[in-house]
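Okay, so here's the structure we're looking at.
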Amino acid sequence: MRTQRQVVDYSLQKRAVLRELLAGRVGTYDVCDASPYLKNAARFHGEPTDRRCPICRSENLTLVHYIYGDELKQSAGQARTLTELPVLAMTLREFQVFVVEVCLGCDWNHLVEQYLLGRDGLTGDSDGNGEQDVAAAEGVGRRRREAQR
């Protein structure tokens with residue numbers, strides 16, 4: 005998506021968790037703890053992948069995209085399909101997306117990445133308020149100069 009920005013990748017953290025599991029310092033029940041809500045979100049809103057689960061190696065992983073932001077109001081925290089995200093990105097100024105991988109077989113789950121989406125990431129003025137924003141900024145600058153006198 006062209007408005008995707010401030011991407012945080014959690015693959016190093018995932019590798020560390022898997023390394024701890026293989027070394028025996030962490031149990032399988034500690035890392036395979038997906039909640040029923042997460043599993044339902046994966047079933048109904050998730051995007052299937054071709055990657056095998058690193059724990060059970062019998063099922064493919066599913067990616068779930070959760071959205072958060074002030075403009076979302078009561079929709080914040082909901083899982084959305086990947087096809088819904090570009091539509092939301094063009095209608096909202098800014099919101100955060102958290103991508104979680106889930107195995108429906110063994111309940112493995114891990115945060116994969118997070119990023120921002122929205123119109124604020126577009127170059128140029130997309131909402132037509134550019135002239136109003138410039139006028140407001142000039143007004144603030146003028147008031148500061150008058151206050152300093």
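Heads up: take any position in the sequence shown, counting from 1, add 4, and you land on the working numbering. For glycine and all other residues, C-beta sits at the position ideal for the given N, C-alpha and C.
Closest Cα partner of residue i within the set the options
i, options, result
"Arg9", "Cys110, Asp111, Asn113 and Ala93", "Ala93"
"Arg123", "Glu98, His114, Cys107 and Glu105", "Glu98"
"Asp37", "Asp54, Arg55, Gly109 and Ile71", "Gly109"
"Arg61", "Gly28, Arg47, Asp111 and Glu117", "Asp111"
"Gly31", "Gln82, Ile59 and Val103", "Ile59"
"His114", "Gly73, Asp34, Leu89 and Tyr72", "Asp34"
"Glu51", "Ala20, Ala83 and Tyr119", "Ala83"
"Val103", "Val91, Tyr119 and Gln78", "Tyr119"
"Cys57", "Glu24, Ala80, Ser79 and Lys18", "Lys18"
Same chain, Cβ closer than 7 Å to residue i, neighbours up to 5 away in sequence not counted
i, result
"Ala46", "Thr66, Val68, Val106 and Leu108"
"Thr87", "none"
"Glu75", "Leu96, Arg97 and Phe99"
"Glu24", "Val30"
"Asp129", "Annotation note: pLDDT 45 at Asp129 (below 50); position unreliable, no value reported."
Coil, strand or helix - residue i by DSSP
i, result
"Thr32", "helix"
"Gln17", "helix"
"Gln82", "coil"
"Asp111", "coil"
"Thr7", "coil"
"Leu96", "coil"
"Glu63", "coil"
Nonlocal neighbours in the same chain, by C-beta distance under 6 Å from residue i, ignoring five residues either side
i, result
"Thr85", "His49"
"Tyr70", "Ala83 and Phe102"
"Lys77", "none"
Proximity of residue i and residue j at Cβ, strictly below 9 Å
i, j, result
"Val101", "Tyr14", "no"
"Asn64", "Arg55", "yes"
"Leu42", "Leu89", "no"
Cutoff 8 Å; reference residue i; Cβ partners in own chain excluding five residues on either side
i, result
"Val11", "Glu117, Gln118 and Tyr119"
"Val21", "Val30, Val35 and His114"
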